[in-house]
Amino acid sequence: MRLLPPCHAALVSSFFVSVAASTIEGRQAANIPDYVTKFAPLVYIDVNDPYLPSDIGAQVMNTKPEVNYTELTNAPPNLSLQDLASLNAASNCSSFDTCVSYLTSRETATTDQPWLHGVLPDSNGKTQGATSAAVIVNDHGSGIVDAFYFYFYAFNLGETVNLAGLGLNVSSALIGNHVGDWEHTMLRFQNGMPQTMWYSAHDSGFVYTYQAVDKNNSRPVVYASLGGHANYATPGTQSRFDIIQINDSTSAGPLWDPVANAYFYTFTPTSDLNGTFTPAGSSPSAPTPWLYYLGKWGDKQLPDSDPNQLDLAGIAATWQDGPTGPLDKYLNRTGTCPQPQEPCNTTSVLPSPSGNTAPAQTISRTEFAPTTTSETAAATSGGGGSGTVPSGTPSSSPTASSAAAGSVPREVGSLALMLAGVALNALQWAK
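In mature numbering (1 follows the signal peptide of the UniProt record, and there is no 0), the protein residues as written are -21 to -1, 1 to 410.
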């Protein structure tokens, strides 16, 4: 276990906030055990990430409910967190797997919108004016308590993949963009002391002993990856394998204290994926209906006919579905892992940090569309390469590097590593 210095990674550039350990304090909520906030994780946002923690309620206000790209006419007017669950009946949803309700951006997600960028944490780690997290506590009895810390971002930036050499009419594209992004960590306590910790990362995650993880005082440290916000226990380059190897980037950028602006709830389960939420803490009127919403917290995957979409044989796409909410994350677990990942290994030694984070650059939303071979050549030979900060981006917001410039910190290599059958299907699709 490595204890972090009081100020881990001081000012990286003029617009980054550096937070001293002494300024970040746990916030106890009534009816929530004090240890849930005392040991609450702190999150380092990647130094280059323009998509910051976002207000949960603002996501509802900036979207409209749709089914099959058509707005629901029987949804409540002026939808809010208080009546979000009414969309289940309005769209005939009875389970997460069958629900086709989507919170769809009022203006197309393929053009930049200020609300997608969220709020930069201040010097105390707070997201001022934005409730960007939810803490959900499940008391199993016999001294075992699970505390879930949910983190919300309005946008998930996908991975840049190199398509050169596959015979397609594009050379690179961002794969996996979607509106709305729910991430979480979970601490399992035994008699008030943290034992193990779950770090969600894309469709999987990691479990470490509490003693193993980095800490800021007694609070575990989380490193959220650039754009995709997967949670890791160390900074640097994080390699994972889907169909191909993908490298996530994490670093000690702005420090976020999620429980400083959070809703607090207790959870009484009736099954792995269902139960009752009860508001807790200093705001007993915290909304609960949104927690029962079965639909997606973002747009439906764009159809293949959309010029901004690139679908690789149904395996991956540039613009994908938004995520489901906290209730779909297995809040009544047997172990520290979600049930689909059980049995999982609990690691008592952290992996060694690796790689370096690229300097802060800029990215333009127009670069989210697939890039043709000729466009890439023009971008790399023109001597520029940097995009512009999207309209509405907070002036203090970190930004990511330009895909068209060829300087992408999350470059994941060639899709030629895909299975031959997948590549063949992609080629057939391109004809």
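Note that beta-carbon positions come from the ideal geometry of N, C-alpha and C, so glycine has one too. Just so it is clear, the structure is predicted and the values come from calculations on it, not from any experiment.
Terminal residues of the beta strand (DSSP E) in which residue i lies
i           : result
residue 213 : That residue, residue 213, is in no beta strand (DSSP E); it is neither H nor E in DSSP.
residue 251 : Residue 251 -> no beta strand (DSSP E), and no H or E assigned at all.
residue 118 : 112 to 120
residue 160 : 157 to 169
residue 16  : Looking at the DSSP string, residue 16 is not in any beta strand (DSSP E); the run it does join, the alpha helix (DSSP H), is 13 to 17.
residue 185 : 183 to 188
residue 173 : 172 to 180
residue 86  : Per DSSP, residue 86 belongs to no beta strand (DSSP E) and is neither H nor E.
residue 272 : Counting along the chain, residue 272 falls outside any beta strand (DSSP E), and DSSP gives it neither H nor E.
residue 138 : 138 to 141
residue 149 : No beta strand (DSSP E) contains residue 149, which DSSP labels as neither H nor E.
residue 135 : 123 to 135
residue 312 : Looking at the DSSP string, residue 312 is not in any beta strand (DSSP E), and its letter there is neither H nor E.
residue 21  : 21 to 24
residue 48  : Per DSSP, residue 48 belongs to no beta strand (DSSP E) and is neither H nor E.
residue 199 : 198 to 203
6 Å Cβ shell around residue i - same chain, five flanking residues per side excluded
i           : result
residue 230 : 25, 26, 214 and 336
residue 181 : 209
residue 320 : none
residue 302 : 159, 161 and 276
residue 167 : 125, 174, 175 and 315
residue 269 : 60 and 63
residue 471 : This structure cannot settle anything about residue 471, because the visible part of the chain is limited to -21 through 410.
residue 361 : The predicted position of residue 361 is uncertain, since its pLDDT is 31 and thus under 50; a value taken from the coordinates is nonetheless stated next. Counting only Cβ-Cβ distances below 6 Å, and skipping sequence neighbours, we find nothing.
residue 118 : 124
Endpoints, alpha helix (DSSP H) assigned at residue i
i          : result
residue 67 : 65 to 69
residue 35 : 35 to 40
Proximity of residue i and residue j at Cβ, strictly below 8 Å
i           : j           : result
residue 114 : residue 238 : yes
residue 279 : residue 45  : yes
residue 101 : residue 312 : no
residue 156 : residue 299 : yes
residue 67  : residue 273 : yes
residue 207 : residue 291 : no
residue 106 : residue 199 : no
residue 234 : residue 21  : yes
residue 265 : residue 11  : no
residue 251 : residue 318 : yes
residue 232 : residue 23  : yes
Inter-residue CB distance, residue i and residue j (contact presumed, cutoff 8 Å)
i           : j           : result
residue 60  : residue 36  : 5 Å
residue 122 : residue 169 : 6 Å
residue 108 : residue 236 : Not a contact, Cβ separation roughly 15 Å.
residue 134 : residue 112 : The pair is not a contact, with the Cβ atoms about 16 Å apart (cut-off 8 Å).
residue 34  : residue 110 : 6 Å
Sequence-distant residues of its chain with Cβ nearer than 8 Å to residue i (five each side left out)
i           : result
residue 326 : 185, 186, 187, 188 and 191
residue 489 : No statement about residue 489 is possible, as the shown extent of the chain runs from -21 to 410 and does not include it.
residue 73  : 67 and 273
residue 324 : 186
residue 197 : 17 and 18
Sequence-distant residues of the same chain with beta carbon closer than 7 Å to residue i, five excluded per side
i           : result
residue 177 : 164, 165, 184, 186, 315 and 316
residue 142 : 149, 150, 151, 152 and 394
residue 55  : 62 and 65
residue 289 : 149, 152, 296, 297 and 349
CB contact check: residue i to chain C, cutoff 8 Å
i          : result
residue 19 : Any reference to chain C falls outside this structure, which holds one protein chain only.
Three-pair Cβ contact test at 8 Å for the segment 8 to 26 versus the segment 237 to 245
Yes: at least three Cβ pairs fall under 8 Å.
Okay, do the segment 19 to 30 and the segment 198 to 208 touch, 3+ Cβ pairs below 8 Å being the bar?
By the C-beta criterion, the segment 19 to 30 is judged to be in contact with the segment 198 to 208, since at least 3 inter-stretch pairs fall below 8 Å.
Between the segment 74 to 85 and the segment 284 to 298, are three or more C-beta pairs nearer than 8 Å?
Segment contact: the segment 74 to 85 against the segment 284 to 298, fewer than three CB-CB distances shorter than 8 Å; contact not assigned.
For the 8 Å Cβ check, are there 3 or more pairs between the segment 305 to 320 and the segment 152 to 172?
Cβ pair count under 8 Å is three or more, so yes.
Does the segment 41 to 49 come close enough to the segment 85 to 99 that 3 or more CB-CB pairs lie under 8 Å?
These segments touch.
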